[in-house]
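**Student:**
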Amino acid sequence: MLGVAIFFSGLFDPDPDAIYQRASKAVRNQDDQEAKRQIERLLETPSHQVDAAMLGAEIALKSGDFKEAIRYYDYVPDSASRESFKARSRSGDLFLFELKQLSAAQDELHRVLESHPDEETVLQRLSFIYGLTSRGWQAIPFRLKLMQQDKIDALLVYLLSMGDRSLENPQLLTEYEKGKPDDPLVQLGLARMEVDQQKYAAAKIRLQKLISIQPELSQAHALLGKILLNAGNTDEFLNWQNSLSDQDRQLPDVWGIEGQWYQKQGNRQSAILCYGEALRRDAANSIACYQLGQLLLQEGKKAEAERLLKYSKKLQTYEGLVKVAYGDKDLAAAQKAVLLAQELGLVWEAYGWSRAVLVLNPQLDWAFQVKQELEPQLAELKLTRVVDEKNPVKGLNLPGLGAKSKHEAESATSSKGNRQIESSISFEDVTARAGIAFQYFNGQNWPENHHKMYEFTGGGVGVLDFNSDGWPDLYLTQGANWPVDEQQFLYRDRLYLNSGNGTFQDVTTQAGLNESRFSQGVSIGDVNNDGFADIYVGNIGLNRLYLNNGDGTYTETDQAQGTADQWTTSCLVADLNGDSAPEIYAVNYLMGADVFDRVCKNADGSERSCMPLNFPAAQDQLFANQQNGQFQNVTSSSGIEVPEGKGLGIIAADLHGTGYLDLFIANDAVANFYFVNQGTKQPTFTEQALLSGLALNAEGRTEACMGIAAGDANADGLLDLYVTNYYRETNTFYKQVSPDSFVDETQAARMADSTTYKLGFGTQFLDADLDGLLDLLIVNGHVEDLTAQDLPYQMQPQFMKNQGQGQFQELKPTELGTFFQTPRLGRGLARLDWNRDGLEEAAVSSLDQPFVLLENLTQNHGHRLVVRLTGTKSSRDAIGTTVRVKTKGQTLVRQLTAGDGYFASNQRTLVFGLGDAKQIESLEVTWPSGVHQLFEGGVADQEVHLIEGQPEHFHIRSLN
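What follows is the structure, given as structure tokens:
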């Protein structure tokens, strides 16, 4: 009976201390079941609840029962105590690392911050969670607090600098999805990944479900808004807008999305308001900064606009430097990034990068000086990326929050969708039948070990009529072994003569051509106005100018050759000062002692190609025609000496209607150039890309720009530009809205999704079915083999059918012919009508496959008019001449341009697709000299020759 009494006394012992002692003893004796039984008795006892819970959690952790451990920790109330901190932070870690539950982990860690706002580990965990789930802007305070505590490494500063543009370990989302598939934060991260992968319908459904479950998740609203913005459905967007809470409107992205919406509707004032609010919240929001600058420019506020646009451009330069500094541990790039960060007001980041590089090299004086200068300021700084006084909207007189009306920008039209169209457009590869056998060669290490920069660029395609028989011939540039031996004969540029019967002959040797250097682009032009096409070849090393002797041969000159250490990519021949004598412009790419030898490495030590940002920019060269067989280098006096121009493509066209040719240069990973011709005796230009809307894309970002197509894509009489870009960057469609003013209309033209996962090079506008609307041809291919990372290397070419109203739709490769079904590493692309049937065709150079000549076999095509031009007062090539053809109430506008995009020189004819019109009402010509001519009447389906000043056009041949 005494034992029973003792048992019942222990069971009902009211002394919590005694119970806790028994629990502790059981733990020491490794009797976990007894320990837990005693602990459960204390969990509701205030005096011992915390100690019992902590003891119970330790037992659960020892057995690997993480859920049980968290249950025990939940009994520990929130406070500033050591036990509370340990319970919350351990629960957060268990949810994060063991149970893979992001939302629960975030909740626990935020509870810790209530009483321990500066705890390093908690800040790191929250920074990770917010970064993983695409909430980089909301992660900024956590990251800055870590920096404030001197917890700095390169990754932390990189993530702060890049924000949501660099998602942190997105592959981990699949692990968290397994842990808790319906976790709202997992769903948010997956939706972001679907948006990146262009799975918009799936992302939309996921986000709508997520918002219905957790409406306070503001980033979900922002992501949904981006999807609805691009879809263009007015009702859906306005419903989304009306659903936004005050909390949602704290996000800069929400204001930016609304700004883009109002801008599309033509409501400039509301767009200005929204972009201004986005910048007030996030001064480093490059989209809002750039677009606000563009809108203020349209408002006539040039000084304010220029301030914003320059700030936006500097943000892009800074981002590029950050990528190089972090990715390649490039200390020179880091120094430039630090200096620019200070200029932009990114004080935290300037300090962070200086500290990060001191880890790599503690002896760097500049980094130590920056650290010493900025360190005392940190305690007083707000936890924002940009200090207030550097905010680009500070001091600007912009409308305030009260000016906004939710419904003032409702559109009168709703989305029309992207209807799949039927087309008979098709092309056939006729290269073998035509007798052309050519393969570009880009160095002995390729394709086994191709990580050097010069290996990805070539080769060029030039179209010319070298014997003046009316049939377009072909000049194809060739590479060489590296280093180049100019005495070699194995790899040479080739000239193919069009026999006029569907075949071509290699006449390189007969023509006296011996171009054995490492050739890149080519331009064709009559530099001495003698009526015969000359050839200018851009090389790695000295360029070459070949003068046509008029007898089927060429003579090499030493003019306009540049320097032996240059790297010329594209080039052009065109009259740039209105004296009728064509100049020569050489687009140069990169420079540096190791630019042709350097190979960069990944973090794991594996080799990869370097980025263009790893090397200094090479200065373009301009050679003025002295009209005596000589060319003078006028680069320094011409206004084209602008820093950071890593050019790959070029177009020369009269874009502002003065008769003088302007130049657009597509730069790689830095802002583009737009050189506006000043109309002076010596060629003189002013760089105005930023103020003209051509420097950056709609998001205010630089892109890896390569090829350029120029043409009136939306039939409004103004030349538009289309630029190909890197993988995961959309190609960019710049619509000209007024002389010297362009707007990125890629989304509106429905050309974003189809090009995001392509890497484009050559591109040309051409009217394949002669319906009067310019279609678009693009060749693609990556610069490096990353198939091990599940990225495409060879890529299919693309054909975009113009649907009217400036909208395009990609046609299916199976409809277009085998060429479009074959992945390749496409590079140079030129437009021509090689068989002179009035149907435009193309010639394509690739790195991995032989040159291709295409024949246009489109069956259901319209009527056409082919126009040849010869200048007399203007240069003989007549570059910059604008022709307007009026028929059946429609006016078609075409301009003869030069440069022709990427490594190419097109046939110098204009093709007008007339649809079902058989008669021409009028043909109007404006020559660069200012001479204006009008030709009344005419029939379709013919090729005509217009000579400047001659009152009648010359009929050449019928095209029926």
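Heads up: the sequence shown runs through residues -16 to 943, numbered per the numbering used here. Glycine included, each C-beta is placed from N, C-alpha and C at the ideal position.
Between the Cα of Lys182 and those of Asn585, Asp736 and Arg338, spot the shortest distance and give me the residue it belongs to.
**Tutor:** Your numbering for residue 182 matches position 199 in the sequence shown. The shortest Cα separation from Lys182 among Asn585, Asp736 and Arg338 belongs to Asp736.
**Student:** Look at the alpha carbon of Met37 and the alpha carbon of Trp120, and state the distance between them as a whole number of angstroms.
**Tutor:** The sequence position of residue 37 within the sequence shown is 54, counting from 1. The sequence position of residue 120 within the sequence shown is 137, counting from 1. Going by the C-alpha atoms only, they are around 36 angstroms apart.
**Student:** Please decide whether Gly249 counts as near chain C, where near means a Cβ-Cβ distance under 8 angstroms.
**Tutor:** In summary, chain C is missing from the structure at hand, where a single protein chain is found.
**Student:** Could you tell me whether the stretch 711 to 729 touches the stretch 810 to 821, using the rule of 3 or more Cβ pairs below 8 angstroms?
**Tutor:** Result no; under three Cβ-Cβ pairs closer than 8 angstroms.
**Student:** Taking its Cβ as the centre, do 16 or more other Cβ atoms sit within 10 Å of Pro100, making it buried, or is it exposed?
**Tutor:** In the sequence shown, the residue the question calls residue 100 occupies position 117. Counting Cβ neighbours within 10 Å, Pro100 comes out exposed, since fewer than 16 surround it.
**Student:** Would you check if the distance between the CB atom of Gln602 and the CB atom of Asn650 is smaller than 8 angstroms?
**Tutor:** What you label residue 602 is simply residue 619 of the sequence shown in a count that begins at 1. What you label residue 650 is simply residue 667 of the sequence shown in a count that begins at 1. No, the Cβ-Cβ distance between Gln602 and Asn650 is not below 8 angstroms.
**Student:** Sort Ser62, Phe80, Val33 and Phe472 by Cα distance to Phe49 and report the nearest one.
**Tutor:** Position 66 of the sequence shown holds residue 49. Selected option, being the one with the closest Cα: Phe80.
**Student:** Tell me the DSSP secondary structure of Ile408 in three-state form.
**Tutor:** Here residue 408 refers to the residue found at position 425 of the sequence shown. Coil at Ile408, not helix or strand.
**Student:** Cα-Cα, which of Gly809, Tyr58 and Ile939 is closest to Phe439?
**Tutor:** Position 456 of the sequence shown, counting from 1, holds the residue named residue 439. For the residues Gly809, Tyr58 and Ile939, the minimum Cα distance to Phe439 belongs to Gly809.
**Student:** Kindly identify the DSSP beta-bridge partner or partners of Thr540.
**Tutor:** The residue given as residue 540 occupies position 557 in the sequence shown. In the DSSP output, where bridge partners are listed per residue, Thr540 has Leu528.
**Student:** Would Phe944 be called buried (16 or more neighbouring beta carbons within 10 Å of its own) or exposed?
**Tutor:** Examination of residue 944 is not possible in this model, given that the chain is present from -16 through 943 alone.
**Student:** Could you have a look at Ile862 and say whether DSSP puts it in helix, strand or coil?
**Tutor:** In the sequence shown, counting from the first residue as 1, residue 862 sits at position 879. Reduced to three states, the DSSP call for Ile862 is coil.
**Student:** Specify the secondary structure class of Tyr273 as computed by DSSP and reduced to three states.
**Tutor:** Translated into positions along the sequence shown, residue 273 becomes position 290. Note: Tyr273 maps to helix in three-state DSSP.
**Student:** Taking 8 angstroms as the cut-off, decide whether the C-beta atoms of Leu677 and Phe716 are in contact.
**Tutor:** Counting from 1 along the sequence shown, the entry for residue 677 is found at position 694. Counting from 1 along the sequence shown, the entry for residue 716 is found at position 733. Taking 8 angstroms as the Cβ cut-off, Leu677 and Phe716 do not qualify as a contacting pair.
**Student:** Run through DSSP, which three-state label would Tyr437 get?
**Tutor:** Indexing the sequence shown from 1 puts residue 437 at position 454. Three-state result, Tyr437: helix.
**Student:** For Ile939 and Arg891, I'd like the C-alpha separation in whole angstroms.
**Tutor:** In the sequence shown, the residue the question calls residue 939 occupies position 956. In the sequence shown, the residue the question calls residue 891 occupies position 908. The straight-line gap from Cα to Cα measures roughly 15 angstroms.
**Student:** Alpha carbons only, please: which of Leu760, His204, Gly700 and Tyr113 is nearest the one belonging to Ser228?
**Tutor:** In the sequence shown, counting from the first residue as 1, residue 228 sits at position 245. The residue with the shortest Cα to Cα distance from Ser228 is His204.
**Student:** In its own chain, which residues sit with a C-beta less than 8 angstroms from the C-beta of Gln788, not counting the 5 before and 5 after it?
**Tutor:** For the purposes of this step, residue 788 is taken as the residue at position 805 of the sequence shown. Once the five neighbours on either side are set aside, the close Cβ partners of Gln788 are Asn697.
**Student:** Hey, Gly443 and Gln503 are a contact pair by Cβ (cut 8 angstroms); roughly how many whole angstroms apart?
**Tutor:** Residue numbering aside, residue 443 sits at position 460 when the sequence shown is read from its first letter. Residue numbering aside, residue 503 sits at position 520 when the sequence shown is read from its first letter. Confirmed, Cβ separation roughly 6 angstroms.
**Student:** Where DSSP assigns a beta bridge to Cys583, which residues make up the other side?
**Tutor:** By one-based count along the sequence shown, residue 583 stands at place 600. DSSP output for Cys583 lists Arg591 as bridge partner(s).
**Student:** Shortest alpha-carbon distance to Leu848 belongs to which of Tyr309, Val922, Ala9 and Phe782?
**Tutor:** The residue you call residue 848 lines up with position 865 of the sequence shown. Out of Tyr309, Val922, Ala9 and Phe782, Val922 has the C-alpha closest to the C-alpha of Leu848.
**Student:** Give me the DSSP bridge partner(s) of Gly630.
**Tutor:** Residue mapping note: residue 630 aligns to position 647 of the sequence shown, counting from 1. Gly630 pairs with Asn650.
**Student:** Who does Gly743 pair with in a DSSP beta bridge?
**Tutor:** The count along the sequence shown starts at 1 and reaches residue 743 at position 760. According to DSSP, Gly743 bridges with Asn763.
**Student:** In angstroms with no decimal places, state the Cα-to-Cα distance between Val467 and Gln346.
**Tutor:** The sequence position of residue 467 within the sequence shown is 484, counting from 1. The sequence position of residue 346 within the sequence shown is 363, counting from 1. The alpha-carbon atoms of Val467 and Gln346 are separated by roughly 40 angstroms.
**Student:** At 3 residues or longer, what runs of the beta strand (DSSP E) sit wholly inside the stretch 818 to 906?
**Tutor:** Entirely contained in the stretch 818 to 906, the beta strand (DSSP E) runs reaching 3 residues are, in chain order, 824 to 829, 835 to 839, 846 to 853, 865 to 870, 873 to 878, 881 to 884 and 892 to 898.
**Student:** Sorted by chain position, which residues of the same chain lie with C-beta nearer than 7 angstroms to Arg118's C-beta, five sequence neighbours on each side aside?
**Tutor:** As a first step, residue 118 must be located in the sequence shown, where it is residue number 135. Once the five neighbours on either side are set aside, the close Cβ partners of Arg118 are Gln202.
**Student:** Return the chain-ordered list of same chain residues with a C-beta closer than 7 angstroms to the C-beta of Tyr58, the five sequence neighbours on each side being excluded.
**Tutor:** Counted from its first residue, the sequence shown places residue 58 at position 75. The residues are Leu26, Gln32 and Ala36.
**Student:** Who does Cys257 pair with in a DSSP beta bridge?
**Tutor:** Sequence index remark: in the sequence shown, residue 257 carries index 274 (1-based). DSSP lists no partner for Cys257.
**Student:** How about Gln129 and Ser110: do their beta carbons lie closer than 8 angstroms?
**Tutor:** Taking the first residue of the sequence shown as position 1, residue 129 is located at position 146. Taking the first residue of the sequence shown as position 1, residue 110 is located at position 127. The amino acid occupying residue 129 in the given sequence is Leu; Gln does not appear at that position. Yes. Within cutoff.
**Student:** What is the rounded straight-line gap between the Cα of Ile507 and the Cα of Ala887?
**Tutor:** Counting from 1 along the sequence shown, the entry for residue 507 is found at position 524. Counting from 1 along the sequence shown, the entry for residue 887 is found at position 904. Taking the straight line joining both Cα atoms gives about 9 angstroms.
**Student:** Between Glu469, Asn481 and Gln461, which lies nearest to Gly521 when the distance is taken from Cα to Cα?
**Tutor:** Taking the first residue of the sequence shown as 1, we reach residue 521 at position 538. Comparing Cα positions, the closest option is Gln461.
**Student:** Along the beta strand (DSSP E) that carries Val706, what are the first and last residues, could you check?
**Tutor:** One-based indexing of the sequence shown puts residue 706 at position 723. Element bounds for Val706: Asp703 to Val706.
**Student:** From Gly114 to Ala771, what distance separates their C-alpha atoms?
**Tutor:** By one-based count along the sequence shown, residue 114 stands at place 131. By one-based count along the sequence shown, residue 771 stands at place 788. Computed Cα separation, rounded: 26 angstroms.
**Student:** Can you list, in chain order, the residues of its chain with a C-beta nearer than 6 angstroms to that of Asp76? Leave out the 5 residues immediately preceding and following it.
**Tutor:** On the sequence shown, position 93 is the one that residue 76 refers to. Contacts found: none.
**Student:** For Asn608, write down the residues that DSSP places opposite it in a beta bridge.
**Tutor:** In the sequence shown, the residue the question calls residue 608 occupies position 625. The partner list for Asn608 (beta bridge, DSSP) reads Phe614.
**Student:** Indicate whether Gly882 and Ser499 have their beta-carbon atoms separated by less than 8 angstroms.
**Tutor:** Here residue 882 refers to the residue found at position 899 when the sequence shown is read from its first residue. Here residue 499 refers to the residue found at position 516 when the sequence shown is read from its first residue. It is not a contact, given that the beta carbons lie outside the stated cut-off.
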